[in-house]
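Trainee:
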Amino acid sequence: MLPQTDDAAAGGATSERLRRDLRDRIVRLELAPGARLSEWAISAEYGCSRQPVREAFIILAYEGLLEVRPQRGTFVRLLSEQRIRAMRFARESIEAGLARRAAHAGRDLRAKAAEAMRRAIAVQRAAPDEAAFLAADRAMHRELARVLDATHAWPPCAVAKSQTDRVRFIAGRPDPRAEALAEHEALADALAAGDAEAAERTARAHLRRILPLLPLARAARPDWFEHGEDGPGIDRIAAAL
1 MLPQTDDAAA
11 GGATSERLRR
21 DLRDRIVRLE
31 LAPGARLSEW
41 AISAEYGCSR
51 QPVREAFIIL
61 AYEGLLEVRP
71 QRGTFVRLLS
81 EQRIRAMRFA
91 RESIEAGLAR
101 RAAHAGRDLR
111 AKAAEAMRRA
121 IAVQRAAPDE
131 AAFLAADRAM
141 HRELARVLDA
151 THAWPPCAVA
161 KSQTDRVRFI
171 AGRPDPRAEA
181 LAEHEALADA
191 LAAGDAEAAE
201 RTARAHLRRI
211 LPLLPLARAA
221 RPDWFEHGED
231 GPGIDRIAAA
241 L
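Residue numbers (full-length UniProt numbering): 1 to 241.
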């Protein structure tokens, strides 16, 4: 339950916390694809007014996690394999570019980026469950953009990550801890060494590990995916990079 208040600033904080919590519940499939959400029911559950719920719904719809259907209501959006592949491709391009930029930076900034990543990796390593691991993973990826003063580049990556994390939970692979940590450490090492080729290569390979899980997730729960989509054409472009 969130505290009720009429203060505008506190109301914004309430909306932010509510949005984060609803996003996490959607990613973990506690709020399943296709489920109908009620502003009234959510406001009652969280002990807040309907205004922050409405604001959270608007932003989550913008992020592609909710769908507002006129005269019908608000629903957890079905997954679109085509959309996920496109968003993942965009995220790979951004994060690979950030990794290369960090590795090309001066020694002090490279060291700062590598150290920030290693601190985040330590938090990941200590995560008690898959939800905590994925939250720490999000923070680790965000660190690189923050250190480079490029936080404006992170929001589309965060949106893509929410979608691919849903795929992990559907496929039954939400906590790829060993592989992810090894790749994160390899990226931190490449940054510290100033090896731009290795940094970019590691970032791209890391973000492509979701691709084999997409058909597994769709086979496991076809009712949670949109139908009538084309195949993974955009990944052929990514593979050529």
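For each residue, glycine too, the CB sits at the ideal point set by N, CA and C.
For Leu37, which three-state DSSP category applies?
Mentor: The three-state secondary structure of Leu37, taken from DSSP, is strand.
Trainee: Which residues does DSSP pair with Glu67 in a beta bridge?
Mentor: Phe75
Trainee: Within 10 angstroms of the Cβ of Ala126, are there 16 or more other Cβ atoms? Answer buried if so, exposed if not.
Mentor: By the neighbour-count rule (16 or more Cβ atoms within 10 Å), Ala126 is not buried but exposed.
Trainee: Please go through the same chain and pick out, in chain order, the residues whose beta-carbon is closer than 6 Å to the beta-carbon of Ile237, but skip the five residues on each side of it.
Mentor: Summary for Ile237: the model assigns pLDDT 46, below 50, so the residue's position carries little reliability, and this model does not support an answer.
Trainee: Restricting to Cα atoms, I'd like to know which of Leu79, Gly47, Arg50 is closest to Ala171.
Mentor: Leu79
Trainee: As an exercise, report each continuous alpha helix (DSSP H) stretch of at least 4 residues that is fully enclosed by the stretch 129–189, in chain order.
Mentor: 130–147, 154–171
Trainee: So who's on the other strand from Phe225, going by DSSP bridges?
Mentor: Leu79, per the DSSP bridge assignment.
Trainee: By a C-beta neighbour count over all protein chains shown, 10 Å radius and 16 as the cutoff for buried, is Ala240 buried or exposed?
Mentor: Legend: pLDDT at Ala240 = 46, less than 50; position of this residue unreliable, no value from coordinates given.
Trainee: Of the choices Ala61, Leu31, Ala217, Ala178, whose alpha-carbon is the least far from that of Thr164?
Mentor: Ala217
Trainee: Would the beta-carbon of Leu79 be found less than 7 Å away from any heavy atom of the ligand NAP?
Mentor: Of the ligands one can find in the structure shown there are none, so the ligand NAP has no counterpart to examine.
Trainee: In terms of alpha-carbon separation, which member of Asp149, Arg166, Trp224, Leu144 lies closest to Ala199?
Mentor: Checked all of Asp149, Arg166, Trp224, Leu144; the closest Cα to Ala199 is Leu144.
Trainee: Counting pairs of beta carbons, one from the stretch 95–113 and one from the stretch 185–196, are three or more of them closer than 8 Å?
Mentor: yes
Trainee: Is the stretch 74–92 touching the stretch 150–169 in the sense that three or more CB pairs, one from each, lie closer than 8 Å?
Mentor: yes
Trainee: If distances are taken between C-alpha atoms only, which option among Glu45, Trp40, Gly64, Gly47 comes closest to Arg54?
Mentor: Trp40
Trainee: Is Ser49 helix, strand or coil when you go by DSSP?
Mentor: Under the three-state reduction of DSSP output, Ser49 falls in the coil class, being neither helix nor strand.
Trainee: Within a Cβ cutoff of 6 Å, which residues of the same chain sit near Glu67, ignoring the five residues on either side of it in sequence?
Mentor: Phe75, Arg77
Trainee: Taking the continuous alpha helix (DSSP H) assigned at Glu30, which residues delimit it?
Mentor: Taken as a continuous stretch (DSSP letters only), Glu30 belongs to no alpha helix (DSSP H), as it is neither H nor E.
Trainee: Below 8 Å between beta carbons: does that hold for Glu185 and Ile84?
Mentor: For Glu185 and Ile84, no; Cβs fall outside 8 Å.
Trainee: Counting C-beta neighbours from all protein chains within 10 Å, is the total for Pro33 16 or more, i.e. buried, or is it exposed?
Mentor: Classification for Pro33: buried.
Trainee: On a CA-only basis, which of Arg221, Arg138, Asp21, Asp108 is nearest Leu191? Give me that one, please.
Mentor: Asp108
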